[in-house]
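Residue numbers (our numbering): 36 to 600.
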């Protein structure tokens with residue numbers, strides 16, 4: 036009996052990930068080179084006691100509060116753990132347990148090292164699952180995902196979710212010959228991903244759908260009944276996570292799934308919608324260029340242009356190919372990088388995160404083409420690997436230099452805090468003036484407040500939104516934060532960034548101290564006021580200064596001097 040070729044294709048295709056006509060590639064990295072590569076990737080973290088990042092130490096401080104669980108009187112007076120079912124628990128659970136073993140600042144560096152290696156390792160795992168091997172060009176590209184723009188943002192929960200997302204895609208491909216086990220593993224991973232980070236789960240779901248649709252097309256398995264079968268399987272994966280999200284407080288928040296449409300409608304009413312769209316487009320272009328982040332923006336942009344140029348040249352010339360099975364997923368990731376709203380599923384800065392997702396998928400999918408079988412291109416695919424290696428070496432040198440400089444800053448800061456001790460008071464706030472933006476000194480300045488809180492026991496604001504985190508602010512800190520909200524309107528924040536005179540900066544510092552904070556940590560690239568008037572500078576070096584209200588007799592003396600002048 037004869038059998039149609041299509042039937043043979045359908046029966047043979049599920050035997051595993053599709054083979055590629057790759058250039059010869061290693062199935063893995065030998066132990067010694069792998070160890071050397073890991074040490075090179077971790078070297079920057081070894082240079083500093085505190086990892087530079089915008090939000091990272093605010094999260095670490097929250098883990099510390101949750102692990103303390105009210106045992107420390109000052110923490111108990113200002114925070115209340117509020118464990119509930121939430122879609123973004125991620126490291127809150129893991130780190131809270133690990134803090135029983137490691138001190139907070141040690142754990143912070145260990146977690147940062149794990150995130151760097153985890154990103155690189157998960158990309159390589161997906162690449163191997165998709166093609167059976169990974170070439171050296173994949174290894175070079177994967178290493179760029181370690182110290183990324185999102186790593187410097189300090190979005191630790193999302194990074195952990197992205198590591199699991201990439202690993203989950205690899206497992207889906209590897210388990211294709213065993214559909215029952217594939218589905219069971221995916222259901223469990225889906226629930227875990229939702230608990231780690233809702234946005235990571237949503238991205239994973241879209242990418243799984245893209246892989247399934249491309250697989251169906253390659254296998255000529257596009258009959259409606261077969262497509263419905265695939266859709267039902269994906270629906271089973273999504274069912275539990277969606278139930279978790281809908282039953283959580285995150286779904287009840289005003290932004291819910293996303294607030295982007297309301298924001299765009301408001302811009303349209305003001306007649307500024309197109310201006311906002313153009314501004315957003317330019318911002319996303321910059322995020323593409325700075326996806327690998329070394330805290331040196333212009334150098335990062337130059338390296339980003341180099342990476343894009345190498346990939347574009349290779350793909351357009353045919354010297355590089357994308358792995359079948361991941362091609363549609365790469366297209367979906369590119370569309371998300373361009374079109375995803377700024378906030379979704381309780382996460383802000385969604386647009387900042389998508390270029391890293393795209394880079395990770397491209398790194399896993401790209402392969403050198405074999406000249407004898409794939410076209411008449413004159414550039415061998417292997418020629419791009421040394422170029423990427425040069426860019427990677429430059430990137431790691433820049434990261435190391437930035438972290439070494441930050442290490443000196445944080446070492447001096449912690450020495451100053453050790454001398455002050457209890458003088459830091461009960462509650463603290465941060466205030467940022469000129470030059471402390473995301474592309475400026477914010478990644479270096481932002482950790483200072485929470486490092487001080489960890490070292491001295493001072494209560495400081497951290498992420499404690501009851502719809503997103505298992506923590507509430509209480510006591511004096513909550514009261515001071517409520518008063519701060521009236522002072523920190525968008526207009527006031529803009530004024531802070533433009534505060535030109537020392538008198539203006541002194542006034543803003545004094546206003547926060549009047550709101551009830553014991554001390555204010557201020558950062559300004561252009562310099563900060565010394566002791567005088569109503570404020571007293573307790574410590575400071577370079578762009579940061581720590582202030583409290585001056586004792587009455589000191590303030591009275593300063594006032595008399597001002598009147599006499």
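By construction, the Cβ of each residue, glycine as well, lies at the ideal position given by its N, Cα and C atoms.
Assign residue 571 to buried or exposed, taking buried as 16 or more other Cβ atoms, counted over all protein chains shown, within 10 Å of its Cβ.
-> buried
Under 8 angstroms by Cβ, that's how I've got residue 377 and residue 88 pegged, so tell me the actual separation to the nearest angstrom.
-> Rounded, the Cβ-Cβ distance is 20 angstroms, inconsistent with contact.
Starting from residue 330, follow the alpha helix (DSSP H) in both directions and report where the run begins and ends.
-> Segment: none, residue 330 is in no alpha helix (DSSP H) and carries neither H nor E.
Report yes if the CB atom of residue 174 is closer than 8 angstroms to the CB atom of residue 199, and no otherwise.
-> no
So the alpha helix (DSSP H) residue 540 belongs to, where does it begin and stop?
-> First-last of the alpha helix (DSSP H) with residue 540: 537-549.
Go ahead and label residue 581 buried or exposed: buried means 16 or more other beta carbons lie within 10 angstroms of its beta carbon, across all protein chains shown.
-> By the neighbour-count rule (16 or more Cβ atoms within 10 Å), residue 581 is buried.
Beta-carbon separation of residue 100 and residue 114 under 8 angstroms?
-> Note that the C-beta distance between residue 100 and residue 114 is below 8 angstroms.
What's the C-alpha gap between residue 504 and residue 463?
-> 21 angstroms
Give a yes or no on whether 8 angstroms exceeds the smallest Cβ distance from residue 580 to chain C.
-> Absent from the structure is chain C; it holds one protein chain and no more.
Continuous alpha helix (DSSP H) assignments of at least 4 residues falling wholly in the segment 209-297 | 214-231, 233-253, 259-281 and 284-287
From the DSSP output, in three-state form, read off residue 478 for me.
-> helix
Quick one, are the C-beta atoms of residue 466 and residue 573 less than 8 angstroms apart?
-> no
Grouping DSSP H, G and I as helix and E and B as strand, with all else coil, what is residue 188?
-> If DSSP states are grouped into helix, strand and coil, residue 188 belongs with the helices.
For residue 96, I'd like the list of residues in its chain whose CB is within less than 8 angstroms of its CB, leaving aside the five on either flank, ordered along the chain.
-> 139, 485, 488, 489, 495 and 497
Cβ contact (3+ pairs, closer than 8 angstroms) linking the segment 357-366 and the segment 395-403 | yes
Compute the distance between the beta-carbons of residue 507 and residue 185, then report whether it is under 8 angstroms.
-> no
In terms of residues, what are the limits of the beta strand (DSSP E) holding residue 401?
-> 401-403
Going by the CB atoms, is the gap between residue 325 and residue 339 shorter than 8 angstroms?
-> yes
Compare the beta carbon distance of residue 122 and residue 280 with 8 angstroms and say whether it is the shorter of the two.
-> yes
Buried or exposed: which applies to residue 447, given that a residue is buried once 16 or more other Cβ atoms fall within 10 Å of its Cβ?
-> exposed
Please state if the CB of residue 161 and the CB of residue 197 are separated by a distance shorter than 8 angstroms.
-> no
Report the option in 275, 385, 284 and 429 whose CA atom is closest to the CA atom of residue 120.
-> 284
For residue 246, collect the residues of the same chain with a Cβ closer than 8 angstroms to its Cβ; drop the 5 residues on either side in sequence, then sort them by chain order.
-> 204, 207, 208, 360, 361, 363 and 364
Pairwise C-alpha distance: residue 491 and residue 480 | Answer to the nearest angstrom: the Cα atoms are 17 angstroms apart.
Express the C-alpha separation of residue 259 and residue 182 in angstroms, rounding to a whole number.
-> 44 angstroms
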